[in-house]
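There are 2 protein chains.
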Amino acid sequence: MAKTSVTKAGDQPKPYHHGNLVGALISATVELIEEHGVEQLSVREVAKRAGVSPGAPFRHFRSKTALLTAVAEQAMDRLTEAVARAVSDVDSTDPAAAFEAIGQGYLEWAMANPTHFQIISSRTLIDFEASSSLRDQNGAIREKMVELLARAQHQGRLAPDVDLDHLVLAARAYVYGLARMAIDGHFPEWHPSEPPAIAVRRALRLFMSQMIVPPRCDLRKPKKSS
Amino acid sequence: MAKTSVTKAGDQPKPYHHGNLVGALISATVELIEEHGVEQLSVREVAKRAGVSPGAPFRHFRSKTALLTAVAEQAMDRLTEAVARAVSDVDSTDPAAAFEAIGQGYLEWAMANPTHFQIISSRTLIDFEASSSLRDQNGAIREKMVELLARAQHQGRLAPDVDLDHLVLAARAYVYGLARMAIDGHFPEWHPSEPPAIAVRRALRLFMSQMIVPPRCDLRKPKKSS
DNA sequence: CTACGGTGTAATCAGTGATTACATGCAAGA
DNA sequence: TCTTGCATGTAATCACTGATTACACCGTAG
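As structure tokens, this is what we get:
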């Protein structure tokens, strides 16, 4: 615990070996992106914040992209965990509820961690294909979605002839679009009294009620469910 | 027409004044982004391709961001035109069809011009707020969507208590998500026999049939409509 | 013909990602 | 304990970037 560093100059004689440079670099990267945006990020600034020379990061990450990919992996771990937690909070016998929980968890996390989400979802800043961790976790969520829809379909809550892959694609695109629009600032003109988070949450519910489990034939009946 | 340039060295004595540097710079920018991606873009390369010195572009665009914003404005003009053309091709008395046409036109254009779309939709590469052209055209499309939904609602094809802004947001997020996922390479693992364009097109139709004009109460009846 | 103003050039700046040769100090083996 | 090995960090350096400045060029209005 004596090595989390903070580079308090003048305090310690600045041990030559940092102790945990990799972790410090990743943290510093996230901080700097949150402060000045990902476009402004420079490895030199990351090194400076970690209290280390400009070339030091390249001992651990062969390129800036590799550094950002490491950040993305850490972020993906947290996203996966957040989604899993959201799913575990709902009735496990209700696949549609679990399906919605995935979307909810995903959106909540993305909006609470815009920096991390931005890095994960970019395919130009990071080397997605090179990271089996990223690919695997991404694929796992998709498979989980298909599985849940299959269960819903088996319970008769979905038409038997609906292509699950198509529906999963639609759901992914919807959630992805909502998250990116919110983070990219595409609807700053929304009702001032209503933060994007609420609009996004309601949009997800709208999608679920229409696409996954059609609740009733006509929309005219206002529904005052919980 | 004698000035479209191409910097044929040795041909002409290289007229000191380019003639239409602004246009040439924008074209060169688009070309270079298509070749090496937007991350790799440098103003120097743009200048070189336009056959001009590295500092010349800054006489017309005060910054790299300003150059990209100009590209975005050109792109938005074309997108608006493409959407308008798509709308004009459908029955003008059918607001739902026009609504779908907007989405179709948007998606088709985005997938045919990924570079332009990428620049338009980014809020970090360009200065969106500073360009009234971008803001106006963006807002015009949204207003058109609301208007069409209002007409559909008036025709009884939508529940009278549905919040049109919410529905428009949902539709925008869906289309935006589809376009970005396709362009950002988020589903390269799709059926190899089925290019993303087709998957995206069908996804849009799925959305329309479920969200805008609920065709029937239960999904079980396979529908072989046109 | 001349002065002027818009256009492009050349030189230059600080800052960037990346590489290299070189210091440093921890830890294992004698 | 000494010393050797090696991972870790440093310093110097490279080519390149966005951006600025002073200056050269040239079509044109007077």
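Protein chains in written order, with the working numbering: chain F, 824 to 1049; chain P, 824 to 1049. From the three backbone atoms N, C-alpha and C, an ideal C-beta is built for every residue, glycine too.
For residue i, the nearest candidate out of the options (CA to CA)
| i | options | result |
| --- | --- | --- |
| P/Ala847 | P/Val861, P/Glu862, P/Phe884 and P/Pro1019 | P/Phe884 |
| P/Ser850 | P/Val894, P/Val1023 and P/Ala1022 | P/Val894 |
| P/Gln927 | P/Ile1035, P/Arg1025, P/Met1034 and P/Gln1033 | P/Arg1025 |
| P/Glu931 | P/Met1031, P/Pro1019 and P/Met1034 | P/Pro1019 |
| F/Ser915 | F/Met1004, F/Ala975, F/Val853 and F/Tyr997 | F/Ala975 |
| F/Gly962 | P/Ala993, P/Tyr997 and P/His1009 | P/His1009 |
| P/Gly842 | P/Asp988, P/Asp900 and P/Ala873 | P/Ala873 |
| F/Phe951 | F/Lys871, F/Val1023, F/Thr892 and F/Ala1022 | F/Thr892 |
| F/Lys967 | F/Val1023, F/Ser956, F/Ala907 and F/Ala993 | F/Ala907 |
| F/Ala994 | F/Ala919, F/Lys871 and F/Ser956 | F/Ala919 |
| P/Asp900 | P/Arg946, P/Ser955 and P/Asp917 | P/Ser955 |
| F/Ser945 | P/Pro937, P/Asp984 and P/Met1004 | P/Met1004 |
| F/Leu992 | P/Asp917, P/Arg1028, P/Asp912 and P/Pro983 | P/Arg1028 |
Residue i, DSSP secondary structure in three states
| i | result |
| --- | --- |
| P/Asn843 | coil |
| P/Thr938 | helix |
| F/Phe1030 | helix |
| F/His1009 | coil |
| P/Phe884 | coil |
| F/Gln897 | helix |
| F/Ser955 | helix |
| P/Pro1018 | coil |
| F/Ile949 | coil |
| P/Pro801 | With chain P represented from 824 up to 1049, any question about residue 801 of chain P goes unanswered, as that position is not in the structure. |
| F/Gln960 | helix |
| P/Ser876 | coil |
| P/Ala982 | coil |
| F/Val913 | coil |
| P/Ile1035 | helix |
| P/Lys1046 | Only weak support is given to the placement of P/Lys1046: the predicted model assigns it a pLDDT of 40, under 50, and the value that follows is read from those uncertain coordinates. DSSP places P/Lys1046 in coil when its eight states are reduced to three. |
| F/Gln835 | Residue confidence for F/Gln835 is low, a pLDDT of 45 falling below 50, so the modelled location carries little weight; the figure read from the coordinates is stated next. Here F/Gln835 sits in strand by DSSP. |
| F/Gly860 | coil |
| P/Ser850 | helix |
| P/Ser865 | coil |
| P/Cys1040 | Residue confidence is low: P/Cys1040 scores 41 on pLDDT, short of 50, so the model does not pin down where it sits. Its coordinate-derived value is still stated next. Three-state DSSP puts P/Cys1040 in coil, outside helix and strand. |
Short Cβ contact (8 angstroms threshold) for residue i with residue j
| i | j | result |
| --- | --- | --- |
| P/Leu972 | P/Leu990 | yes |
| F/Leu780 | F/Leu855 | The displayed coordinates of chain F run from 824 to 1049. Any statement about residue 780 of chain F would go beyond what the structure contains. |
| P/Pro1035 | P/Phe922 | In the sequence under discussion, the amino acid at residue 1035 of chain P is Ile, which differs from the Pro named in the question. In contact: P/Ile1035 and P/Phe922 (Cβ atoms closer than 8 angstroms). |
| P/Ala924 | P/Ala909 | yes |
| P/Val869 | P/Thr852 | yes |
| F/Thr903 | F/Gln960 | yes |
| F/Leu948 | F/Val861 | yes |
| P/Val969 | P/Asp988 | yes |
| F/Phe1030 | F/Tyr999 | no |
| P/Phe940 | P/Ala1002 | yes |
| P/Ala933 | P/Ile1006 | yes |
| P/Leu957 | P/Glu858 | no |
| F/Ala898 | F/Ile942 | yes |
| P/Val821 | P/Leu890 | Because residue 821 of chain P is not part of the residues shown, which for chain P are 824 to 1049, the question remains open. |
Residue i beta carbon near the ligand ADP (any heavy atom closer than 7 angstroms)
| i | result |
| --- | --- |
| F/Gly846 | The ligand ADP is not among the ligands present in this structure, which contains no ligands whatsoever. |
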